[in-house]
Structures are given as structure tokens and as C-alpha cells.
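Here the structure is laid out as C-alpha cells; the discussion comes afterwards.
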Amino acid sequence: MLIETERLILRPFSEDDAEDVLEYLREPAVHCFASMRLDSLDAARNEMKQRRGDELYLAIVLKETGKVIGEIFAHPESNEPEDEIMDTFSPCWMLNLNYSGKGFAFEAARAYFDYLFKEKGARRIYAYTEDYNLPSQRLCERLGMRREGLFMEFVSFINNPDGTPVYENTMQYAILKKEWESHAKQCGQK
């Protein structure tokens, strides 16, 4: 599986990606990725082996250099526990901070959302972002997503120095397939 954009390639991870991935997972910028922290090249290589089997877990790669600058993945789910139609997806994205502010996250997410809607049968895509993560909120809005809610003290990914959990306020953004198609027409996309 390969998705190409003007400047990027979204593709499955390979063991050769370990050094690039370690670069941004040594110190994840957002608390929700704290559990993904990697401390060594060996740990990164092991992580690359685990990621290879998931078709929805893709490396964000610069076309020009082949460098992995981030990742994007989604969790499919159904509406009801007994429903087998997986038409709702919850994506996550992470970019190496050295490449932020250049439009790469938007370029990757737009192509990935298009893939989920057109190829994977998505009906609805929603994303969570912390209330302090303004770049992620702006990305959601630029993608045409609407803010659906704010969950106060929703989840904890890290602890205070005394060991008590730090609960974060979390925003939820979402977009339906029909909204995505309308947004794409307004932006002059195919």
C-alpha cells in the first residue's frame, strides 16, 4: 500500500526506518504518545517489526530524501458491538518536530483521510486532541473537521512527580464522508 502526494509518500514501515523513528519517538512532543517513547535503536527496530503487519499504520516519508518524518495510523471501529461494519476511523498523527510548520502534516492527513473515505469505506472520521495542542486543532479544522466536544479531565498519559495522574482536557473533532466530499469541492480538490 502506497499513497503519494506532491512531497510525500505514505507507506508501510520497514526495519530501515528505525533511526528516523527513534529521532522523533525519543521525546514525543505530546503526552498521548508517551507510551510510544523509544530509548534505543534496538527498541526502534523491534517497533518497526511490530508495525509491519498493520496496513493502516503508515510512515510519512519525504519523497526527495526518503527520510521518515512522522507517522499516521487509524483505528477502525463499528457503531455497535455486534456490528461488523467498520466504517468509523480514529486517526492519530505524529510528526518529527524538525519538520513541523511546513504543511507536511496537512498534506499527509488529507491524503490519508481521502484513502480512508474512498478505499476503506469510512463513513465517519474522528480525532482526539489535547486542549493545549493548538497545531493539531488547527490541522483538524484545516481538514474540514468540526469540533464536537470538549471532555474535561478525560484521560491521563503521564503522572505528576508525586505519582498521581495528570488528567488532560481532550477535544474531539469529526468529519463525515459527505462533509469531506463537500469540503474537497470547496477547496478545488478531486
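Heads up: the sequence shown is residues 1 to 190, going by the working numbering. Virtual Cβ for every residue (Gly too), placed ideally from N, Cα, C.
Report, in whole angstroms, the separation of the C-beta atoms of residue i and residue j, which I expect to be a contact under 8 Å.
i    : j    : result
Y126 : Q172 : 6 Å
E148 : A174 : 5 Å
Below 8 Å between beta carbons: does that hold for residue i and residue j?
i    : j    : result
A18  : A59  : no
E179 : G144 : yes
V249 : E47  : The requested residue 249 does not occur in the structure, where the chain is confined to residues 1 to 190.
N169 : L150 : yes
L62  : L8   : yes
P135 : S90  : no
Y57  : F104 : no
D87  : R123 : yes
K49  : E23  : no
Measuring only the C-alpha atoms, how far is residue i from residue j?
i    : j    : result
Q137 : E181 : 20 Å
E191 : F113 : The structure shown does not extend to residue 191, since the chain is modelled only from 1 to 190, so the question has no answer here.
T65  : F154 : 39 Å
K177 : E130 : 24 Å
K185 : F117 : 15 Å
A109 : R146 : 15 Å
E4   : D39  : 31 Å
I85  : L25  : 33 Å
G121 : E77  : 12 Å
N159 : R51  : 27 Å
M1   : G53  : 12 Å
E27  : E6   : 29 Å
T164 : S156 : 10 Å
K102 : L139 : 12 Å
Y128 : D42  : 30 Å
A29  : V166 : 16 Å
H221 : C187 : Only positions 1 to 190 of the chain appear in this structure, which leaves residue 221 out of reach.
M152 : A111 : 31 Å
R37  : H183 : 35 Å
What residues match up with residue i in a beta bridge as DSSP calls it?
i    : result
V68  : V61
H75  : S90
G149 : Q172
Is the segment 90-99 touching the segment 64-79, taking contact as three or more C-beta pairs under 8 Å? yes
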